[in-house]
Structures are given as structure tokens and as C-alpha cells.
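Those letters in the sequence shown? Residues 20 to 201, per the working numbering, in order. Some notes on the structure that comes next.
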Amino acid sequence: MIRVFLVRHGIAADAAPGQPDESRPLTAKGRRRFRGTARAFARLGERVDKLIITSPLVRAVQTAEILARALRQDEVGVLEELRSEVAPAKLFGALSKQIEDGEGVALVGHDPQMTKLVAALAQLDADVADRISFAKGGIVRIDVDAFPPSRNKPRWHLEPRADAPEDGLPLFKHPHGEDDHR
Numbered sequence: 020m021i022r023v024f025l026v027r028h029g030i031a032a033d034a035a036p037g038q039p040d041e042s043r044p045l046t047a048k049g050r051r052r053f054r055g056t057a058r059a060f061a062r063l064g065e066r067v068d069k070l071i072i073t074s075p076l077v078r079a080v081q082t083a084e085i086l087a088r089a090l091r092q093d094e095v096g097v098l099e100e101l102r103s104e105v106a107p108a109k110l111f112g113a114l115s116k117q118i119e120d121g122e123g124v125a126l127v128g129h130d131p132q133m134t135k136l137v138a139a140l141a142q143l144d145a146d147v148a149d150r151i152s153f154a155k156g157g158i159v160r161i162d163v164d165a166f167p168p169s170r171n172k173p174r175w176h177l178e179p180r181a182d183a184p185e186d187g188l189p190l191f192k193h194p195h196g197e198d199d200h201r
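This is how it looks when you write it as C-alpha cells:
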């Protein structure tokens with residue numbers, strides 16, 4: 020089984036006139052909130068054994084770097100298939116070549132792709148998938164048996180909270196709906 024942590028990038032700045040979307044950075048608020056989420060993730064004791072893999076867009080790279088610091092990891096890999104417009108099937112093909120059974124990997128990207136990945140990996144029906152809300156700076160863990168998905172299991176969902184201190188634990192959501200403020 021592979022532990023997949025899907026991470027949506029933190030809050031990003033609006034594009035300035037003439038600025039390409041790819042170069043939009045995280046805002047100060049986005050960095051601050053995601054640092055809190057990343058620290059909470061680290062305190063959960065989860066392991067990212069192989070890599071933190073990110074979209075090449077600036078806001079995703081910055082989010083991945085914050086996560087890497089919180090987990091005391093040196094490497095952040097870039098994968099073109101984590102761009103927002105790439106279909107999940109193409110991403111699954113790229114991932115199957117890089118990740119081995121028993122490993123944990125964090126994938127940092129954008130919506131709507133992250134929401135589509137949650138739905139695809141968790142094998143959700145379309146009506147359920149349409150109701151997924153994946154906050155900026157949120158993290159979802161899904162245990163994956165294979166790429167493409169076969170019998171995968173959502174484990175938890177961690178969201179940033181506006182009222183959480185920078186080093187505080189955001190709301191921890193269990194897959195069956197129970198909330199806990201650990």
C-alpha cells in the first residue's frame with residue numbers, strides 16, 4: 020500500500036497585470052496558514068518516505084518547500100503532470116514509475132485537479148465527487164493499492180483554520196465525518 024498525501028497549494032496572490040499564472044506566489048497569509056497546517060501534519064507522525072512532489076507553478080513549489088521544512092526533508096521534486104490541466108490517468112502513469120509499495124508520497128498541486136484526484140483515488144461516485152471541498156492549504160491522505168486506483172481508502176483530511184495559531188493544529192477531519200480538535 021502507498022500512502023498518498025494530496026496537498027492543495029496555499030493561498031496565492033492574484034496575478035498582476037501581464038503576470039503569467041505560473042508565477043503567482045503565496046501571499047503572506049497563505050504562507051502563514053500553510054506553515055500551521057504543515058506543522059500539524061508533522062505532529063501527526065506521518066511519513067513521506069520518498070519525495071514531496073509538486074507542480075512546477077511557483078505557489079505549489081512554495082507550498083512544497085514549507086511542507087519539506089516542517090518534515091525536515093531536503094528534497095522537493097517537480098512533476099509536470101501535477102499542473103492543473105493534466106488528467107488523473109496521465110498522472111497515475113507518471114506516479115506508478117516513481118513510487119513503490121509501502122512508501123508515502125506528498126503531491127502538491129492545484130484545484131480542480133486535486134479534487135479530481137481525491138475522487139479518482141477514493142473511487143467516489145460522481146454525485147459524491149461533486150460535493151468535495153478541498154481548501155487551499157488542505158491535505159488529504161488516501162491509502163492507495165495501485166495506480167490506477169483499485170481498492171483505495173481515504174484516511175483523513177486536514178484543513179487550515181483561520182482562527183488557528185500558526186503553530187496550532189487545524190481541524191482534523193476523519194473520513195467518516197467525526198471531527199477532532201487534537
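For each residue, glycine too, the CB sits at the ideal point set by N, CA and C. Just so it is clear, the structure is predicted and the values come from calculations on it, not from any experiment.
(message) Need the endpoints of the beta strand (DSSP E) that R160 sits in, please.
(response) I158 to V163
(message) What would DSSP say about L25, mapped onto helix, strand or coil?
(response) strand
(request) Reducing DSSP to helix, strand and coil, say where L63 ends up. (result) coil
(request) Have a look at A154, A31, V159 and K155 and flag the residue whose alpha-carbon is nearest the alpha-carbon of A139. (result) V159
(request) Output the distance between the C-alpha atoms of L110 and F53, rounded to the nearest integer angstrom. (result) 24 Å
(message) Run through the DSSP bridge pairs and tell me what L86 is partnered with.
(response) Answer is none; L86 lacks a bridge partner.
(message) Which residues does DSSP list as the beta-bridge partners of I151?
(response) DSSP output for I151 lists no bridge partner at all.
(message) Assuming T46 is part of the alpha helix (DSSP H), what are its boundary residues?
(response) Run containing T46: none; DSSP gives neither H nor E here.
(request) Name the two residues that bound the continuous beta strand (DSSP E) containing A32. (result) Note, A32: premise wrong, no beta strand (DSSP E); not H, not E.
(message) Ignoring anything shorter than 3 residues, give me the beta strand (DSSP E) runs that lie fully in the stretch 67-125, in order along the chain.
(response) 71-73 and 95-97
(request) Count the other C-beta atoms from every protein chain shown that fall within 10 angstroms of the C-beta of S152, then say buried if there are 16 or more, exposed otherwise. (result) exposed
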